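**Q** Numbering (the numbering used here), first residue to last: 183 to 297. Could you have a look at this structure, given as structure tokens, before my questions?
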């Protein structure tokens with residue numbers, strides 16, 4: 183909901199909530215899923231396979247788990263960076279110093295109107 187003049191306070195608040203969610207929930211959930219997946223991969227055992235085949239299968243499962251986690255982490259990173267940019271843009275817009283006080287600006291506009 184970016185306005186014509188840049189991000190609004192609502193944009194900044196939504197972006198802040200996104201960053202908080204990423205830190206408090208998304209990353210923790212990713213870590214749990216990664217740990218669970220790696221644990222399952224490391225303990226994989228198929229009685230019909232040879233020891234070598236089981237070792238290859240465990241390595242494949244670990245690699246696949248890490249790739250899924252990496253892709254999910256990339257998504258979290260993209261979302262968080264976009265949210266941080268929104269927050270930064272809003273902060274820059276609101277902290278930019280004005281040319282003068284409101285009274286000075288009003289006087290300047292009035293003088294230009296008379297000229």
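Where a beta carbon is used, it is the ideal one built from N, C-alpha and C, also for glycine. On a predicted model such as this, the values are computed, not experimentally measured, just so you know.
Just to confirm my understanding: we take residue 272, look at its own chain, exclude 5 residues before and 5 after, and list those with CB closer than 6 angstroms. What are they?
**A** For residue 272, where only same-chain residues beyond five positions count, the Cβ hits under 6 angstroms are 189, 194.
**Q** Suppose you measure from the CA of residue 263 to the CA of residue 213; what does that come to, to the nearest Å?
**A** The straight-line gap from Cα to Cα measures roughly 20 angstroms.
**Q** Where does residue 184 fall in DSSP's three states?
**A** Any reading at residue 184 needs caution, since the residue's pLDDT is 49, under 50, leaving its predicted position unreliable; the model's value is listed next. Coil at residue 184, not helix or strand.
**Q** What residue range is occupied by the uninterrupted alpha helix (DSSP H) comprising residue 197?
**A** It spans 191-203 - the alpha helix (DSSP H) in which residue 197 sits, taken as one unbroken run.
**Q** I'd like to confirm something about residue 215: is its beta-carbon nearer than 7 angstroms to some heavy atom of the ligand MG, or not?
**A** The ligand content of the structure shown is nil, which means the ligand MG is not present either.
**Q** Quick one: grab the DSSP three-state call for residue 208.
**A** Note: residue 208 maps to helix in three-state DSSP.
**Q** Grouping DSSP H, G and I as helix and E and B as strand, with all else coil, what is residue 262?
**A** Residue 262: helix per DSSP, three-state reduction.
**Q** Hey, would you say residue 205 sits closer than 8 angstroms to residue 251, going by beta carbons?
**A** No, they are not a contact pair.
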